[in-house]
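Visitor: Residue numbers for the sequence shown follow my numbering, beginning at 37 and rising by one.
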Amino acid sequence: MKKIAILSSLAVLALSACDAPAEEPPVAEEKLGDYNAVGTEPGWTVDIKGEDIALTSQDGKDFTLAVQRMKKTDDGWEIKGFSDLHNINIYITTGAECSDGMSDRVYADTVKVEASEHGTLTGCGGAFTESDAGPAA
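1. Less than 7 Å between the beta carbons of residue 150 and residue 97, yes or no?
2. So, helix, strand or coil for residue 83, using DSSP?
3. Among all the DSSP beta bridges, which residues are the ones paired with residue 105?
4. Could you tell me how far apart the beta carbons of residue 136 and residue 92 are, in whole angstroms, since I believe they sit closer than 8 Å?
5. Let me make sure I understand the geometry here. Which of 68, 66 and 72 has the alpha-carbon closest to that of residue 159?
6. Let me check one thing: in DSSP terms, what residues is residue 148 bridge-paired to?
7. Quick one: what does DSSP say residue 170 is sitting in, helix, strand or coil?
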């Protein structure tokens, strides 16, 4: 009986000496960076700077919120912000060129914004594409 107790103790010690598998380092959360989007009919802009989202509109119902969630998706980005008074969801489809409808500018991305007091707004965002270069001088 003593041998069984000793062997059991040795087995426990041997198993506890095994190294636990190494944990993978945490993946750094990807961030979009500063980003501007615009839309017309009605006119509006969304500016994402640092940790803030600012919505400005022709109707004067402007607000700024902290970014609550920023997620890279298969086709672009989802950004969300909310407070007791306002909320905003921004969906950016990267690489889907877009014209703002009021100028000859072509933007790199298509943007959909769902915002309190504004409903669903569609527009464009990101950098101007090469097609905006116009004729050579």
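Ideal Cβ placement from N, Cα and C applies to all residues, glycine included. Quick caveat: nothing in here was measured; it's all calculated off a predicted structure.
Guide: With the structure as the only source:
1. Cβ atoms of residue 150 and residue 97: not closer than 7 Å.
2. strand
3. 116
4. Their Cβ separation, rounded to whole angstroms, is 15 Å, which puts residue 136 and residue 92 out of contact at 8 Å.
5. 72
6. Residue pairing by DSSP places residue 148 opposite 127 and 158 in a beta bridge.
7. Note that residue 170 scores a pLDDT of 47, beneath 50, so its modelled location is shaky; the value from the coordinates is reported in the next line. Residue 170 falls in the coil class under three-state DSSP.
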